[in-house]
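Student:
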Amino acid sequence: MSKCYINGIGCVSAQETTNESVEISDFETLTQSINPAKKQNYKEYIAPNMIRRMAAGVKMGIVASKKALEEAGINNPDAIITGTGMGCLVDSEKFLKAIIENDEQYLTPTPFIQSTHNTVGAQVALGLKCKSYNVTYVHANNSFETAAIDALLALNETADSVLIGGVDEIAKHSTYLHQLENLVKSEDEISNILKSDTQGYLASEGSQFFVLQKKKTSSTYAELVDVAIHDVLNQDQIADKLNSFLNTNNMSLADVDSIFLGVNGDKKGDDIYHSLCESLFKNKQQVYYKHLSGEYNTVTAFGLWIAAKCIKNQTIPEVLRLNDLKTDGFKTVLLYNQNRGEHHSFTLLKSC
Amino acid sequence: MEKLKAELKERIIENLNLEDIEVSDINDNDPLFGEGLGLDSIDALELIVMLDKDYGIKIADPKEGKAIFESINTMATYISENKPA
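Residue numbers (this note's numbering), protein chains in the order written: chain A, 353 to 704; chain B, 328 to 412.
(1) For Glu705/A, which of helix, strand or coil comes out of DSSP?
(2) To the nearest angstrom, how far is the alpha carbon of Ser513/A from that of Leu564/A?
(3) Quick one: what does DSSP say Glu349/B is sitting in, helix, strand or coil?
(4) I need the straight-line Cα distance from Gly517/A to Val579/A, nearest angstrom please.
(5) On the DSSP bridge list, what partners appear for Arg673/A?
(6) Given that Leu345/B touches chain A, what residues does it touch there, using C-beta distances under 8 Å?
(7) At least one CB of chain A closer than 8 Å to the CB of Leu372/B: is that the case?
(8) Going by other Cβ atoms of all chains shown within 10 Å of its Cβ, with 16 needed for buried, is Val608/A buried or exposed?
(9) Which first and last residues belong to the beta strand (DSSP E) in which Tyr485/A is found?
(10) On a CA-only basis, which of Asn371/A, Pro429/A, Leu504/A and His626/A is nearest Lys483/A? Give me that one, please.
(11) Counting only Cβ-Cβ distances shorter than 7 Å, please list the residues of the stretch 357-387 of chain B near chain A, keeping chain order.
(12) Have a look at Trp657/A and Glu557/A and give me their C-alpha separation to the nearest angstrom.
(13) List, in order along the chain, the chain B residues whose C-beta lies closer than 9 Å to that of Pro461/A?
(14) Drop a sphere of 10 angstroms on the beta-carbon of Asn691/A, count the other beta-carbons inside from all chains shown, and report buried for 16 or more, exposed for fewer.
(15) Residues of chain B with CB closer than 8 Å to the CB of Asn691/A, please, in chain order.
(16) Measuring alpha carbon to alpha carbon, tell me which of Glu575/A, Lys395/A and Leu632/A ends up nearest Lys593/A.
(17) Within a Cβ cutoff of 6 Å, which residues of the same chain sit near Asp502/A, ignoring the five residues on either side of it in sequence?
(18) Where do the ends of the alpha helix (DSSP H) carrying Lys332/B lie?
(19) Given a threshold of 16 other Cβ atoms within 10 Å of its Cβ, counted over all protein chains shown, does Ala606/A qualify as buried or as exposed?
(20) Which same chain residues end up closer than 7 Å to Tyr640/A when comparing Cβ atoms and leaving out the 5 residues on each side of it in sequence?
(21) I believe Leu343/B touches Leu366/B by the beta-carbon criterion, under 8 Å. Please report the beta-carbon distance rounded to the nearest angstrom.
(22) Mind checking the stretch 425-458 of chain A against chain B and listing, in chain order, the residues whose C-beta falls within less than 9 Å of any C-beta there?
(23) Report the rounded CA-to-CA distance for Asn635/A versus Leu677/A, giving the unit in angstroms.
(24) So Ala366/A and Asn393/A are supposed to be a Cβ contact under 8 Å. How far apart are they, rounded?
(25) Residues in its own chain within less than 8 Å of Asp549/A by CB, not counting five upstream and five downstream?
(26) Check each residue of the stretch 378-412 of chain A: if its Cβ is closer than 8 Å to any Cβ of chain B, include it; give the result in chain order.
(27) Hey, Glu349/B and Thr462/A are a contact pair by Cβ (cut 8 Å); roughly how many whole angstroms apart?
(28) Which two residues bound the contiguous beta strand (DSSP E) that contains Val519/A?
(29) Starting from Glu575/A, trace the beta strand (DSSP E) in both directions and tell me its first and last residue.
(30) Helix, strand or coil: which one does DSSP assign to Val608/A?
(31) Please classify Tyr457/A: is it buried, with 16 or more other beta-carbons within 10 angstroms of its beta-carbon, or exposed?
(32) What residues in its chain sit with their C-beta under 8 Å from that of Thr527/A, if we drop five residues either side in the sequence?
(33) Closest to His683/A by CA distance: which of Asn689/A, Met603/A and Glu694/A is it?
(34) Comparing C-alpha positions only, which one of Val685/A, Val519/A, Lys568/A and Ser571/A sits nearest to Val651/A?
(35) Identify whether Phe464/A lies in helix, strand or coil by the three-state DSSP scheme.
(36) Within 10 angstroms of the Cβ of Asp443/A, are there 16 or more other Cβ atoms? Answer buried if so, exposed if not.
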């Protein structure tokens, strides 16, 4: 396999992630059940005549992708690969609502055009006038990881630079349905997500994009070694699949310095993490990040953004630490995520 | 007629998400497409739906659209002459 380096990153989230003067250690723990992304000055990035039709997800995706490309010094990547769990949900809701309210008549084109899952990848490509390979993966909580796997394959073939990203947006009606299903915490259940004894997460939205290249450059954050996904696993199978994943990469768990976990305050999924933290990952430096990002289908891209920054700076801020174990530095990082026992993913990074 | 023109401006701004544009920024004779408000072909479809939904007017021949949607004045005139009783 060709090497794959993360050479540019961009992030729009519920934190001040586009402001370079704000450090991870300045991020504040989310305190709302629904946490919109921080507003950006979108006019700095998007032409005014384009911006008026764009949903939040598209705008966030364009900002994050532009920042990543700018940092890597890339104008036209060989591929644009996007992951999204729900696509441009706000426009989907708008269009469906119009169908119901107007008795299937008077349907306007804009929300229909903008509601498709691949709108973000398409708008990023249009903005760049990039006609290369452009694919959007929709695979629930593994959407971003699937995009990353495709990027690794593309780099192993003819591509030299690939832009990958994840994006998901909050939409009013869908969030309401998620609240009814106890997928989202109610306001009175919000507390320290590490000690949460209730179901549900803190809902949020965001977009993170990365420029991946075969070559290491002065802007390189880390090497993206490998990514693996699995749909449903029990705890024994998690250990087996993880060992097998590491073995494939000529490593064992002993080689991993830090584990970034997708703990999100939802008891239904967090029990798995807590159990692993007391067994398989007991002697590892454990890190969590969803108290800063909230939860959305492609939030693991935020996890990768955080991990890339930590590796580059060789520091894990206190706000991310799940246990007290500290290492002098860390070379190898594993990101592990799952959603209520489904959609497991392993992402392996190495410092450069 | 003046009331209709003001109403049209409000609806155009709202339906087409014309951010940063106020009713007072649109003159009655300003071209809606091209150099004026800068509307495009997708906006034209939105305006056709708006005429049907809000004023009960169906534009049977799309070629008519160019003249109808030239400005707020032409739209208001067309609506007042063709609105079902």
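Cβ coordinates follow ideal geometry from the N, Cα and C atoms, glycine included.
This structure is a prediction, so every number in the text was calculated from the model and none was measured.
Tutor: By the coordinates alone:
(1) No statement about residue 705/A is possible, as the shown extent of chain A runs from 353 to 704 and does not include it.
(2) 6 Å
(3) coil
(4) 14 Å
(5) Val639/A
(6) Arg404
(7) yes
(8) buried
(9) Tyr485 to Tyr489
(10) Pro429/A
(11) Gly365, Ile369, Leu372, Glu373, Val376, Asp379 and Lys380
(12) 15 Å
(13) Ile369, Leu372, Glu373 and Val376
(14) buried
(15) Ordered by position in chain B, no residue passes the 8 Å Cβ test against Asn691/A, which lies about 34 Å from the chain.
(16) Leu632/A
(17) Ile433
(18) Glu329 to Asn342
(19) exposed
(20) Leu613, Val615, Leu672 and Leu674
(21) 7 Å
(22) Asn454, Gln457 and Tyr458
(23) 8 Å
(24) At roughly 17 Å, the Cβ-Cβ gap does not stay under 8 Å, so Ala366/A and Asn393/A are not in contact.
(25) Lys619
(26) Pro400, Asn401, Ile403, Arg404 and Arg405
(27) Not really, about 21 Å apart at Cβ, beyond 8 Å.
(28) Ser513 to Asp520
(29) Ala574 to Val584
(30) coil
(31) In the sequence as presented, Tyr is not what sits at residue 457/A; that position holds Gln. Label assigned to Gln457/A: exposed.
(32) Ile386, Val536 and Ala555
(33) For the record, residue 683/A in the displayed sequence is Lys; it is not His. It is Met603/A.
(34) Val519/A
(35) helix
(36) buried
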